[in-house]
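**Q** Before we start, here is the structure in question, set down as structure tokens.
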Amino acid sequence: MSNGKYPVVFFAVLIIVWQCISSFGLVPAFMLPSPVAVAKAFVTDLPLLAMHSVTTLGEAALGLALSVVMAVLFAVLMDRFAAVKKTLYPVAVVTQTVPTIAVAPLLVLWMGYGVAPKIAVIFITCFFPVLIGLYGGLSSVEPAMLRLMKSMGATYLQMLTHVKFPYALGAFFSGLRISATYAVVGAVISEWLGGNSGLGVYMTRVRKGYAFDKMFAVIILITIISLVLIRLVDALHRALTPWERAKSER
Amino acid sequence: MDTDNRVVDGEILEMLPTRPFFEARGISKNYEGEPVIRDVDLYINRGEIVSLVGPSGIGKTTLFTVLSGLEKPDGGAVFLAGEDVSAQAGRVGYMLQEDLLLPFKTVEENVAMPLILGGEKRRPAIKKVQPYLEAFGLAGTGGKYPAQLSGGMRQRAAFLRAYLFRSDMMLLDEPFSALDALTKSAMEQWFHRIARETGVTALLITHDIEEAVLLSDRIYLMGGHPGRITAQVDVASAKRGDAAWGKGTATPNRLRERPGSMVAPEGIRERPDGAAVGNPWVWGGMTDALRKIKEDVTEMVMHGV
Ligand SMILES: Nc1ncnc2c1ncn2[C@@H]1O[C@H](COP(=O)(O)OP(=O)(O)OP(=O)(O)O)[C@@H](O)[C@H]1O
Ligand SMILES: [Mg+2]
Numbered sequence: 003m004s005n006g007k008y009p010v011v012f013f014a015v016l017i018i019v020w021q022c023i024s025s026f027g028l029v030p031a032f033m034l035p036s037p038v039a040v041a042k043a044f045v046t047d048l049p050l051l052a053m054h055s056v057t058t059l060g061e062a063a064l065g066l067a068l069s070v071v072m073a074v075l076f077a078v079l080m081d082r083f084a085a086v087k088k089t090l091y092p093v094a095v096v097t098q099t100v101p102t103i104a105v106a107p108l109l110v111l112w113m114g115y116g117v118a119p120k121i122a123v124i125f126i127t128c129f130f131p132v133l134i135g136l137y138g139g140l141s142s143v144e145p146a147m148l149r150l151m152k153s154m155g156a157t158y159l160q161m162l163t164h165v166k167f168p169y170a171l172g173a174f175f176s177g178l179r180i181s182a183t184y185a186v187v188g189a190v191i192s193e194w195l196g197g198n199s200g201l202g203v204y205m206t207r208v209r210k211g212y213a214f215d216k217m218f219a220v221i222i223l224i225t226i227i228s229l230v231l232i233r234l235v236d237a238l239h240r241a242l243t244p245w246e247r248a249k250s251e252r
Numbered sequence: 566m567d568t569d570n571r572v573v574d575g576e577i578l579e580m581l582p583t584r585p586f587f588e589a590r591g592i593s594k595n596y597e598g599e600p601v602i603r604d605v606d607l608y609i610n611r612g613e614i615v616s617l618v619g620p621s622g623i624g625k626t627t628l629f630t631v632l633s634g635l636e637k638p639d640g641g642a643v644f645l646a647g648e649d650v651s652a653q654a655g656r657v658g659y660m661l662q663e664d665l666l667l668p669f670k671t672v673e674e675n676v677a678m679p680l681i682l683g684g685e686k687r688r689p690a691i692k693k694v695q696p697y698l699e700a701f702g703l704a705g706t707g708g709k710y711p712a713q714l715s716g717g718m719r720q721r722a723a724f725l726r727a728y729l730f731r732s733d734m735m736l737l738d739e740p741f742s743a744l745d746a747l748t749k750s751a752m753e754q755w756f757h758r759i760a761r762e763t764g765v766t767a768l769l770i771t772h773d774i775e776e777a778v779l780l781s782d783r784i785y786l787m788g789g790h791p792g793r794i795t796a797q798v799d800v801a802s803a804k805r806g807d808a809a810w811g812k813g814t815a816t817p818n819r820l821r822e823r824p825g826s827m828v829a830p831e832g833i834r835e836r837p838d839g840a841a842v843g844n845p846w847v848w849g850g851m852t853d854a855l856r857k858i859k860e861d862v863t864e865m866v867m868h869g870v
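What follows is the structure in structure tokens.
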């Protein structure tokens, strides 16, 4: 059995057990809908879910893009100027300990029910992992490699593009992988607090109607979206690092 | 100091009393207040291959960081063609001790780095280095990644990169020491040939006295604490008088004989005169005369002169 099959089998068993629990009425159906009921809800609400997904994914993409751009900018500044690093690093760490869920309502009060507080929440959660990943990568390049570049008269910018960025790609992508899923979750959480569309808004509505089947359907959808995003990030990572693959095919 | 007489095609190009092409005067370097090398004097004439031999940790690499201009000496100065180039990075070709091809760039991209850093676009730069890949025994490897090459090929690529950066004066820090014995021997002969064909001037660090004897015209010994030059040994005269080393049979500059490459492509800083000058010998291997020098040098190293 290949490694990929283990989780598949695990989930298959889980779903069968779940279906049995529901079928034998061990838990009331309104509290734990059966997998079949969830699947039905998923299919009937699919157009609605798709519409809300577009909003959420849009916010997530925007927030993530902003986080990446800012993280690249600040990682480079921190790498280049020790003073920037000494100032920013502790601040960045502190922002990480502030619970996003607690800050989100405040952001809504400040910025209203539009897209701005959502982007802000996503930025607060996503910026840090990318920044730390990228900065770690940029600053841990072998000193000998930089001496070599310097011996050929390279400028800092040239070292950045030819050595530091390629070196940091691995660390950058492990940060981005985490951030991509954070972005979706961050968008959903911020939508709980208000808005006209988005998976978070959908969740609040079905919760108010005690539609547990739909609740489960949307949770599963969010999980699927996160998994797909991780896969996308990994695919991008692979596409941008052809040398990693070359190692195995000598 | 000495006369650099050069005869090419029967024409006397230069007959001027010259200062050495590359010169270090009174170099000292401290690390954390501790002197590592002290008052190092050395010179290299144009077209000469000179070895620097000495025990591990004596300060050979430290000396190179100063000679390459990467670090400022705590005393003394470095001269290239009479100009003070102390603490000026990028004036000489430097092949570092570590195997330093960028793992995420192909061999041709690695080799073309000096041109790209000089402002050339990637594609034309790669195009320009193609004839060199072939001449340096790297045909067919241009599109591969360093991890896909053998140790010998990686060293050749690293050497070619340093060569394309500055071929007039090169610093080579143990270029062959990480190789297995057979590859090492093949690479030494390869280096000898390429050095004669291209006429490079080089200072080469090695632990291997036999390698120093085989490859160089002169050997500097380093010893003491802090490290300094303890002796200098002439090898060129022995080779000149040795039948096995071809007794001055001129080897034409093969690179320059290639049609269309009489002049190095723009951006590649080859020696302006290009010709292999000075010591155009064939590879003679270890002869009795060289074996004698090797014994003497070994003796000097063992007993610290
Ligand atoms: N950047 C540095 N900071 C502090 N000490 C250093 C530094 N570089 C080298 N040294 C010290 O200087 C001394 C000489 O080192 P160096 O690398 O020049 O020796 P080496 O002759 O090249 O040795 P090897 O043959 O092993 O390469 C060593 O004692 C080393 O620990
Ligand atoms: Mg060394």
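Heads up: the sequence lines are chains A and B, in that order. Each residue of the first sequence is one higher than the one before, starting from 3 at the first, in my numbering. Each residue of the second sequence is one higher than the one before, starting from 566 at the first, in my numbering. All C-beta atoms, glycine included, are put in the ideal place defined by N, C-alpha and C.
Any heavy atom of ligand 2 within a distance shorter than 8 Å of the CB on B:E636?
**A** Checking the 8 Å criterion, the Cβ of B:E636 is out of range of every heavy atom belonging to ligand 2.
**Q** At a cut-off of 8 Å, would you count B:K594 as near ligand 2, judging by its Cβ distance to the nearest heavy atom?
**A** no
**Q** With which residues is A:L108 paired in a DSSP beta bridge?
**A** None; A:L108 has no bridge partner.
**Q** Is the shortest distance between the beta-carbon of A:S25 and the beta-carbons of chain B less than 9 Å?
**A** no
**Q** Please name the residue in B:K637, B:K670, B:A722, B:F629 whose C-alpha comes closest to that of A:T243.
**A** B:K670
**Q** Here's the rule: buried if 16 or more other CB atoms are within 10 angstroms of the residue's CB, otherwise exposed. What is B:Q797?
**A** exposed
**Q** Tell me which residues share the same chain as B:A809 and place their Cβ nearer than 7 Å to its Cβ, disregarding the 5 neighbours each side in the sequence.
**A** Short of 7 Å from the beta carbon of B:A809, and not among the five residues preceding or following it, lie these beta carbons of its own chain, in chain order: G849, G850, T852.
**Q** Is the beta carbon of B:I794 less than 9 Å from the beta carbon of B:V601?
**A** no
**Q** Between which two residues does the beta strand (DSSP E) harbouring A:F218 extend?
**A** Here A:F218 belongs to no beta strand (DSSP E); instead the alpha helix (DSSP H) covers 214 to 242.
**Q** May I ask whether a heavy atom of ligand 1 can be found less than 8 Å away from the beta carbon of B:D738?
**A** True, at least one ligand heavy atom lies under 8 Å from that Cβ.
**Q** Let me check you understand the geometry: is the CB of A:Q98 closer than 8 Å to at least one non-hydrogen atom of ligand 1?
**A** no
**Q** Are A:Q160 and A:M147 touching if we call contact CB-CB under 9 Å?
**A** no
**Q** Would you mind reading off the limits of the beta strand (DSSP E) that contains A:P131?
**A** Run containing A:P131: none in the beta strand (DSSP E); it sits in the alpha helix (DSSP H), 118 to 141.
**Q** Counting only beta-carbon separations shorter than 9 Å, does A:G138 have a partner in chain B?
**A** no
**Q** So, A:P131 versus A:S181, is the Cβ gap smaller than 9 Å?
**A** yes
**Q** Is the CB-CB distance between A:C22 and A:G65 below 9 Å?
**A** no
**Q** For B:M787, go through chain A and note every residue whose CB falls closer than 8 Å to its CB, in chain order.
**A** The contacting residues do not exist; B:M787 stays about 21 Å from chain A at best.
**Q** Give the residues of chain A in contact with B:Y710, contact being defined as C-beta atoms less than 7 Å apart.
**A** W245, A248
**Q** Let me make sure I understand the geometry here. Which of B:S781, B:R805, B:L680 has the alpha-carbon closest to that of B:D773?
**A** The residue with the shortest Cα to Cα distance from B:D773 is B:S781.
**Q** Ordered along the chain, which non-local residues of its own chain (more than five positions away) have a Cβ less than 6 Å from that of B:A690?
**A** A677, L680, I681
**Q** Which same chain residues end up closer than 8 Å to A:V117 when comparing Cβ atoms and leaving out the 5 residues on each side of it in sequence?
**A** So the list reads E61, L64, once near-sequence residues are dropped.
**Q** Quick one: give me the first and last residue of the beta strand (DSSP E) that B:D606 is part of.
**A** Per DSSP, B:D606 belongs to the beta strand (DSSP E) from 599 to 609.
**Q** Can you pull the chain B residues whose beta carbon is under 9 Å from the beta carbon of A:G155, in chain order?
**A** A654, G655, R656, P679, L682, G683, F730
**Q** Can you say whether A:G6 is buried or exposed, counting buried as having 16 or more other CB atoms within 10 angstroms of its CB?
**A** exposed
**Q** With 9 Å set as the bound, which would you pick, yes or no: does the beta-carbon of A:L150 sit closer than that to a beta-carbon of chain B?
**A** yes
**Q** Under the three-state reduction of DSSP, which class applies to B:A796: helix, strand or coil?
**A** strand
**Q** Answer with buried or exposed for B:T627, where buried requires no fewer than 16 other C-beta atoms within 10 angstroms of its C-beta.
**A** So B:T627 ends up on the buried side.
**Q** Please list the partners that B:E663 has in chain A, where partner means a Cβ-to-Cβ separation under 7 Å.
**A** A146
**Q** List the residues of chain B whose Cβ lies closer than 9 Å to the Cβ of A:P260, in chain order.
**A** Any answer about residue 260 of chain A is impossible in this case: the structure gives chain A only from 3 up to 252.
**Q** Under 9 Å between C-beta atoms, does A:Q160 make it to chain B?
**A** Cβ-Cβ to chain B under 9 Å: yes for A:Q160.
**Q** What residue range does the alpha helix (DSSP H) around A:L150 cover?
**A** 145 to 153
**Q** What are the start and end residues of the beta strand (DSSP E) that includes A:S24?
**A** Counting along the chain, A:S24 falls outside any beta strand (DSSP E), though it belongs to the alpha helix (DSSP H) covering 7 to 25.
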